[in-house]
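Here is the structure we will look at.
Number of protein chains: 2
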Amino acid sequence: MTTAQRDAIGEHEIRALIQDKAKAIRARDAAAALASYAPDVLSFDLIEPLQYIGAASVRERLNQWLSSFEGPIGFEVRDLSVTAGQDVAFTHSLNHVDAKTRDGRRIDMWWRATECYHKLNGRWQVTHAHSSVPFEMESGQASLALKP
Amino acid sequence: MTTAQRDAIGEHEIRALIQDKAKAIRARDAAAALASYAPDVLSFDLIEPLQYIGAASVRERLNQWLSSFEGPIGFEVRDLSVTAGQDVAFTHSLNHVDAKTRDGRRIDMWWRATECYHKLNGRWQVTHAHSSVPFEMESGQASLALKP
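Put into structure tokens, the structure is as follows:
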């Protein structure tokens, strides 16, 4: 197998993991959504604090987020780019949620997502994730209404 | 050379690039700070818009940022983690700036930084970067005063 073939397989595997994750989010299944996350993952998330350390902390946050919605969760991953090597890979994309909160607000929001993978014991695992919105310099407000 | 030796060398090379970048920022040298950035880098930055596409756009933004300060720029990279494979690598860290703006405000701010590298033509190049602060859910304000 050439390096290019190996990297194409890696990219294919990671795209499948991201599709699985998107399906799991739509199904409100936090455990499935985080199936490829390493136990010691370090996540920079949309909201405070600065960092979430470890899979348990990331799962608690995801459960909280999923349970804030009522009814169907529209979730989309756009402009996905995957760079895969032998045992290290990363992705970036623009992610979108369109859903209604339990208190009746509609959330229609895009954010930037980066996921970083390490192949450990033959399995791609997310050891680092980074999700964010930028902010508007004058007001200091998070930019929650940007569209790609 | 074993895989572990190769990865240790990769990690060492990337730590050196990040030290060089930090020095260049303190020296207000945007070109040097971006010496390892690929021409087609895609950057998610602290402030709007959602994404900066290409090295020219990233450099313009960095020049703008550097020229907003007066006097010395304190810049620190903390908790740097580097995961390096054969030709793909990523890093994450908490970055800190402490400086005075031209209009007299003191900026003392921490943010989350992720950099993703691809080794192209034998040279590590940043093809994706992601810098952000989280936001505070109730107010929608960017969290500009968090400390690690």
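If you read the sequences in order, they're chains A and B. Numbering follows this note's numbering, in which position 68 of the first sequence is assigned residue number 1212; successive positions increment by one, without gaps. Numbering follows this note's numbering, in which position 33 of the second sequence is assigned residue number 1177; successive positions increment by one, without gaps. Glycine is no exception: its CB is placed at the ideal position from the N, C-alpha and C atoms.
Query: Rounded C-beta distance between residue 1268 of chain B and residue 1161 of chain B? I'm assuming under 8 angstroms.; Result: 6 angstroms
Query: With a cut-off of 8 angstroms, does the C-beta of residue 1256 of chain B fall near any C-beta of chain A?; Result: yes
Query: Is it right to say residue 1245 of chain B is buried, meaning 16 or more other beta carbons lie within 10 angstroms of its own, or is it exposed?; Result: exposed
Query: By Cβ distance below 6 angstroms, which residues in the same chain neighbour residue 1179 of chain B in space, the five residues on each side in sequence not counted?; Result: none
Query: Are the Cβ atoms of residue 1173 of chain A and residue 1275 of chain A separated by less than 8 angstroms?; Result: no
Query: Going by beta carbon distance, what residues of the same chain come within less than 7 angstroms of residue 1205 of chain B, once the five residues before and after it are set aside?; Result: 1189 and 1196
Query: Closer than 9 angstroms between beta carbons: that is the criterion. Which residues of the stretch 1184-1196 of chain B meet it against chain A?; Result: 1186, 1188, 1189, 1190, 1191, 1192, 1193, 1194 and 1195
Query: What three-state label does DSSP hand residue 1192 of chain A in the structure shown?; Result: coil
Query: Any idea what DSSP makes of residue 1282 of chain A, helix, strand or coil?; Result: coil
Query: Assuming residue 1273 of chain B contacts residue 1259 of chain B (C-beta within less than 8 angstroms), just tell me the rounded distance between them.; Result: 5 angstroms
Query: So for residue 1269 of chain B, helix, strand or coil by DSSP?; Result: strand
Query: Tell me the DSSP secondary structure of residue 1256 of chain A in three-state form.; Result: strand
Query: Taking Cβ positions only, does residue 1237 of chain B come closer than 8 angstroms to chain A?; Result: no
Query: Name the chain B residues that come within less than 9 angstroms of residue 1233 of chain A, Cβ to Cβ?; Result: 1229, 1232 and 1234
Query: Under a CB-based cut-off of 8 angstroms, is residue 1198 of chain A close to chain B?; Result: no
Query: Along the beta strand (DSSP E) that carries residue 1244 of chain B, what are the first and last residues, could you check?; Result: 1232-1245
Query: Please list the segments of the alpha helix (DSSP H) lying wholly inside the stretch 1151-1205 of chain A, counting only runs of 4 or more residues, in order along the chain.; Result: 1174-1177
Query: Just to confirm before moving on: does the CB-CB distance between residue 1217 of chain B and residue 1241 of chain B stay below 8 angstroms?; Result: yes
Query: Would you please verify whether the beta carbon of residue 1284 of chain B is less than 8 angstroms from any beta carbon of chain A?; Result: yes
Query: Could you check what DSSP says for residue 1228 of chain A in three-state terms: helix, strand or coil?; Result: strand
Query: At a CB-CB cut-off below 7 angstroms, which residues of chain B make contact with residue 1292 of chain A?; Result: 1194
Query: Pop quiz: residue 1228 of chain B and residue 1164 of chain B are said to be a contact at Cβ under 8 angstroms. What is the actual Cβ separation, rounded to whole angstroms?; Result: Incorrect: roughly 16 angstroms between the Cβ atoms, too far for contact.
Query: Would residue 1193 of chain B pass as a contact of residue 1288 of chain A if the rule is Cβ separation under 8 angstroms?; Result: no
Query: Would you please verify whether the beta carbon of residue 1220 of chain A is less than 8 angstroms from any beta carbon of chain B?; Result: no
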